[in-house]
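The structure under discussion appears below in the form of structure tokens.
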Amino acid sequence: MTKGLIFSVSFHLIMILLTALTLPFMIREPIDLPPIVSVELIQISDKTNIPYAPKARKVIEKVKEEEKRVVSEQAPPAAKAKEKPDRIPLPNESKKEKKIIKKKQNPEEIKPEIRQSSEFEKKEIIDTNEIAALIDKAKEIEAKTEREEKKLTQSSVKNSFASGLSLSEEDALRAQIFGCWSIPLGLPFDEDLLVRIKLQLKKDGTILTSEILDHERMNKPGQKFYKILAESALRAVRICQPLKVPPTGYEKWKNIQLNFNPTEMLKG
Amino acid sequence: MQRIIVISLLILYFSTSISNALIKVDITRGNLDPLPIAVSPLHVDPSSTNHKDVKVKQLGEDISKIIENNFRSTGLFNPLKKDAFVQKPDIAHLKPRFEDWRLIKAQALVTGKLLIKDEKLKIEFRLWDLTASKEMVALAFTTTPSNWRRVAHIISDKIYERLTGEEGYFDTRIIYVAESGPKDKRKKQLAIMDQDGANTKYLTLGNELVLTPRFNPANQLVTYLSYFRNLPRVYLLDIETGIQEVVGNFPGMTFAPRFSPDGKKIIMSFAKDGNSDIYTMDLENRIVERITDHSAIDTSPSYSPDGKYICFNSDRSGLQQIYVMKSDGTNVKRITFGDGLYGTPVWSPRGDLIAFTKVRKGKFYIGVMRTDGTGERLLTENFYQEAPSWSPNGRVLVFYRETKSGSQGKGFTAKLWSIDITGYNERKIKTETDASDPSWSSTLSK
Amino acid sequence: MKFNTKVKNILLVVFATLALSACATQKKAGIDGDVYTGKDTVEYLASGVPDRIFFATNKSSLTTAARETLRKQATYLRKNPKLNVTIEGHADERGTREYNLALGERRANAAKDYMMTYGVSGKRISVISYGKEKPVNTASTPLAWSQNRRSVTVKVK
Chain A
1364 MTKGLIFSVS FHLIMILLTA LTLPFMIREP IDLPPIVSVE LIQISDKTNI PYAPKARKVI
1424 EKVKEEEKRV VSEQAPPAAK AKEKPDRIPL PNESKKEKKI IKKKQNPEEI KPEIRQSSEF
1484 EKKEIIDTNE IAALIDKAKE IEAKTEREEK KLTQSSVKNS FASGLSLSEE DALRAQIFGC
1544 WSIPLGLPFD EDLLVRIKLQ LKKDGTILTS EILDHERMNK PGQKFYKILA ESALRAVRIC
1604 QPLKVPPTGY EKWKNIQLNF NPTEMLKG
Chain B
798 MQRIIVISLL ILYFSTSISN ALIKVDITRG NLDPLPIAVS PLHVDPSSTN HKDVKVKQLG
858 EDISKIIENN FRSTGLFNPL KKDAFVQKPD IAHLKPRFED WRLIKAQALV TGKLLIKDEK
918 LKIEFRLWDL TASKEMVALA FTTTPSNWRR VAHIISDKIY ERLTGEEGYF DTRIIYVAES
978 GPKDKRKKQL AIMDQDGANT KYLTLGNELV LTPRFNPANQ LVTYLSYFRN LPRVYLLDIE
1038 TGIQEVVGNF PGMTFAPRFS PDGKKIIMSF AKDGNSDIYT MDLENRIVER ITDHSAIDTS
1098 PSYSPDGKYI CFNSDRSGLQ QIYVMKSDGT NVKRITFGDG LYGTPVWSPR GDLIAFTKVR
1158 KGKFYIGVMR TDGTGERLLT ENFYQEAPSW SPNGRVLVFY RETKSGSQGK GFTAKLWSID
1218 ITGYNERKIK TETDASDPSW SSTLSK
Chain C
645 MKFNTKVKNI LLVVFATLAL SACATQKKAG IDGDVYTGKD TVEYLASGVP DRIFFATNKS
705 SLTTAARETL RKQATYLRKN PKLNVTIEGH ADERGTREYN LALGERRANA AKDYMMTYGV
765 SGKRISVISY GKEKPVNTAS TPLAWSQNRR SVTVKVK
């Protein structure tokens, strides 16, 4: 008898363990654990500024004064093509061509005092700022984040045989959430995205816990859009609470799953 | 033993029945209103000092305005009016009272602070999810104070990325042709500006006709068509040094230039004896390669982002249509068969779409289609518009639109416009002058 | 009475047909098909030698009138052997910019080739395309567009 009891107890334990493992929501932490966000320090260089632009204005003024003599603000094309008109540049002529083009473009007909806008001296171009240190990822601030209490969804056995909400009850709930859900407009409209959220509700319709069922998808690379959508769905239920739940039958709806699918809306 | 089996079966039964019994509700509709977001002015550290013409007291407000403008321009966000804000910027940045912000219906909040000290500008911002009461991103930047506009754009990029899952495109520039004067004697200059229309700089003086400027992938070089000395040729301009040179110095007109995705080549059309074909020139060794050889007009070439394919425009069928070929010129396939003419194909940076101009029954359309020509979607219809250019994330197109002119040529304007590839959110981009031939840079901070 | 109605009917049918055929052949002022045939924008290289020819939309083929003009130009050039010319090709504003550049080039070359067959050396003729950049008529009307689809022979000084 004792042997049987031990047997039974140990078997039960194994079974419970197995069930716990196979029921993911029972052991998983709620998804919206705020990660510790650190502040990245990023250096922005002046590299891509256009340093000669102010000078260009000066040149414009200068040129206006002496307009007659100015041929162009541009460098003239390197030496006119001397080739016969029929010739098309061929790969083996490239060296020759290169030489022609590399000839510096200082036209005699432009008097020296007239600057081409293209001829700004290096001195003025080089910026004193250090360049390239753009992604200096020094951690500046460690943001503190509070951990949300971990709550397990304890499904009670009593809950079991519920068949669901009546149609009108379901419609009321659906209509309410429609109003709260701002579909992220930037999502690709040609991808199938479905976010399933499981909620545990209090009797007044406020949310005890919320959990994204495929949440391992959220942090996968290439699943950015899924994450954005999931976050928008979570926002929707939070904005909506307390949810419009029926006054009775708490056990029926205390656990509820919402499937968010924006595909139709995005296709417009 | 039997009991054991019964009990374990019971456990199994309940464990499955729980999930079976779960009520499931499908939510397939929501509102498509832009996301309400509050952008609090950045808190200015009182120990900050003014730097040259940067007024530090205003800076917190100014930066938040730029961020708001960027958000509004996407059509995806609705920046809320600041009069309703209750919390002061400094406190909000430390720890926002989420209830207060939720009260004004904001779903996200941007806070930040800045400090100018020792010729350095330090800016920090945080993005808060107000419904979940948690921080979503926090970043800090240091730079020279004169760079404050760029920081505002970079912050916008980071927030956009966090909230949409797509790369931002605010820290970018647009190069275009600035136009002025009467229609038959248009003065055209190359001009460059920030994506939001600020910081316009003119790169040429307008003595000769310039057309179709395009950035290289590093945003340092621009290739364009210039009629210098009445010889229409493809030029290369280094926007940092201002040095210009001819690259398409062929015995005839070269035009429609564009960089290859690695920036090493320029692809362009060369017109000779009435026939235009597509050529590439290697910028390093100046080797020229002929890509197409056909008696029809082949022009407006554009590489796929992997450099393996080229889409272009040809009238070899008799009318202007879009074709795709391998980058060596083989395997030419026509991809447009709809009625009307198709021009200016541009491959999306994501690689999945080609944007184009379509002309049908006297109307001009900007559209997108898949790279095999299927799934055509026309985004906007007008009297005249063409030359789409992609935002670096492949989400938005910029193009130019000309208005009908009256009998004396009056009332003619050319302006830049942008539109989301969903066809929503069409917007005019502010430019100092009339403008055409826009080319969107890639993100500067990369 | 019966006879009268019959006559009436016949007359009606005849008129209707006439009216229809008139519609079909009626020319808009100075435009044939969509090629400009008027003289409004035309200048002259010399007395009786028009400087420009006009094209149909998206076409670079020469019309009979264009050929006649080009023959006159060729004769004029042969008489003045020291004169060189540039042929400018243009397009209307109803096409994409880059394609129009190519089209203008093709139009100018069509004119050049024709003149060469009439004994003018190709060395004396250079071509340039302006695409839609230099309209001669700046209005946005079919007439203006037809005047802008042109190639113009310009003396080189």
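In order, the protein sequence lines correspond to chains A, B and C.
To convert, take the position in the first sequence, counting from 1, and add 1363; that gives the numbering used here.
To convert, take the position in the second sequence, counting from 1, and add 797; that gives the numbering used here.
To convert, take the position in the third sequence, counting from 1, and add 644; that gives the numbering used here.
Beta carbons are placed, not taken as given, at the ideal position from N, Cα and C, and that holds for glycine.
Since the structure is predicted, the reported quantities are computational estimates derived from the model, not experimental observations.
Listed by chain order, chain D residues near residue i by CB distance under 7 Å
i: THR961(B); result: No chain D appears in this structure, whose protein chains are A, B and C.
Nonlocal neighbours in the same chain, by C-beta distance under 7 Å from residue i, ignoring five residues either side
i: ILE1602(A); result: CYS1543
i: SER1242(B); result: ILE951, ASP968
i: ALA995(B); result: ARG946
Chain-order list of residues whose beta-carbon lies under 6 Å from that of residue i (same chain, five-residue window excluded)
i: PRO786(C); result: none
i: THR1133(B); result: GLN1118, ILE1119, TYR1139, GLY1170
i: GLN1041(B); result: TYR1032, LEU1034
i: HIS950(B); result: PHE967, ASP968
i: ILE1413(A); result: At ILE1413(A) the pLDDT is 49, less than 50, meaning the model places this residue with poor confidence; the figure from the coordinates comes in the next sentence. The answer is none, since no qualifying residue turns up.
i: SER1238(B); result: THR969, ARG970, PHE1012, ASN1016
i: ILE675(C); result: SER790
Rounded Cβ spacing between residue i and residue j (contact assumed at less than 8 Å)
i: GLY733(C); j: SER773(C); result: 4 Å
i: LYS1105(B); j: LEU1080(B); result: In fact, because the Cβ distance is near 19 Å, the residues do not count as touching under 8 Å.
i: LEU873(B); j: LEU1548(A); result: 5 Å
i: THR750(C); j: GLY1071(B); result: Looking at the sequence provided, one finds Arg at residue 750(C) rather than Thr. 4 Å between Cβ atoms; contact.
i: LYS683(C); j: ASP981(B); result: Not really, about 19 Å apart at Cβ, beyond 8 Å.
Three-state class that DSSP yields for residue i in the structure shown
i: PRO1054(B); result: strand
i: LYS723(C); result: helix
i: LEU960(B); result: helix
i: GLU932(B); result: strand
i: TYR1221(B); result: coil
i: ARG1167(B); result: strand
i: ALA889(B); result: helix
i: PRO833(B); result: strand
i: PRO1387(A); result: A caution first: PRO1387(A) carries a pLDDT of 46, below 50, which makes its placement in the model unreliable, though a value can still be read off. In the structure shown, PRO1387(A) sits in a helix (DSSP, three-state: H, G or I).
i: TRP1544(A); result: coil
i: SER1480(A); result: Confidence at SER1480(A) is low in this model, with a pLDDT of 36, below 50, so the placement of that residue is unreliable and no value is reported for it.
i: THR1096(B); result: strand
i: HIS840(B); result: strand
i: ARG794(C); result: strand
i: LYS1447(A); result: Annotation note: pLDDT 39 at LYS1447(A) (below 50); position unreliable, coordinate value reported separately. Three-state result, LYS1447(A): coil.
i: GLU1532(A); result: helix
i: ARG1537(A); result: helix
i: ASP897(B); result: helix
Distance, residue j Cα to residue i Cα
i: LYS931(B); j: THR1626(A); result: 28 Å
i: LYS917(B); j: THR940(B); result: 6 Å
i: SER1202(B); j: SER861(B); result: 40 Å
i: ILE1591(A); j: ARG738(C); result: 43 Å
i: MET1628(A); j: GLU1223(B); result: 20 Å
i: ASP993(B); j: GLY1191(B); result: 17 Å
i: TYR758(C); j: ALA718(C); result: 9 Å
i: VAL1085(B); j: THR1077(B); result: 6 Å
i: THR1611(A); j: ARG1537(A); result: 18 Å
i: ARG715(C); j: SER770(C); result: 17 Å
i: SER1188(B); j: ASN867(B); result: 14 Å
i: PHE1588(A); j: LEU1116(B); result: 41 Å
i: PRO1609(A); j: ASP1577(A); result: 28 Å
i: SER1099(B); j: ARG1157(B); result: 23 Å
i: ARG1113(B); j: PHE699(C); result: 19 Å
i: ARG1030(B); j: SER1236(B); result: 19 Å
i: ILE1560(A); j: MET933(B); result: 20 Å
i: SER1057(B); j: ASN1179(B); result: 31 Å
8 Å CB neighbourhood of residue i in its chain, flanking five on each side removed
i: ALA754(C); result: SER704, SER705, LEU706, SER795
i: ASP1231(B); result: ALA975, GLU976, SER977, THR1210, ALA1211, LYS1212
Entirely enclosed beta strand (DSSP E) segments - the stretch 979–1057 of chain B, minimum 3 residues | Within the stretch 979–1057 of chain B, the complete beta strand (DSSP E) runs of at least 3 residues are 984–991, 1007–1012, 1018–1023, 1030–1035, 1041–1043, 1050–1056.
Which runs of the alpha helix (DSSP H), 4 residues or longer, sit entirely within the stretch 848–884 of chain B?
-> You should have 853–871.
Would you mind listing the beta strand (DSSP E) stretches within the stretch 689–764 of chain C that are 3+ residues and don't spill past its ends, in chain order?
-> Here the runs fully enclosed are 696–698, 728–734.
Run through the stretch 1575–1599 of chain A for me and flag every whole beta strand (DSSP E) of 3 or more residues, listed as ranges in chain order.
-> Correct list: empty.
Within the stretch 901–947 of chain B, note down every full beta strand (DSSP E) run reaching 3 residues or more, in order along the chain.
-> Note on the stretch 901–947 of chain B: whole beta strand (DSSP E) runs with a minimum of 3 residues are 905–914, 917–926, 931–940, in chain order.
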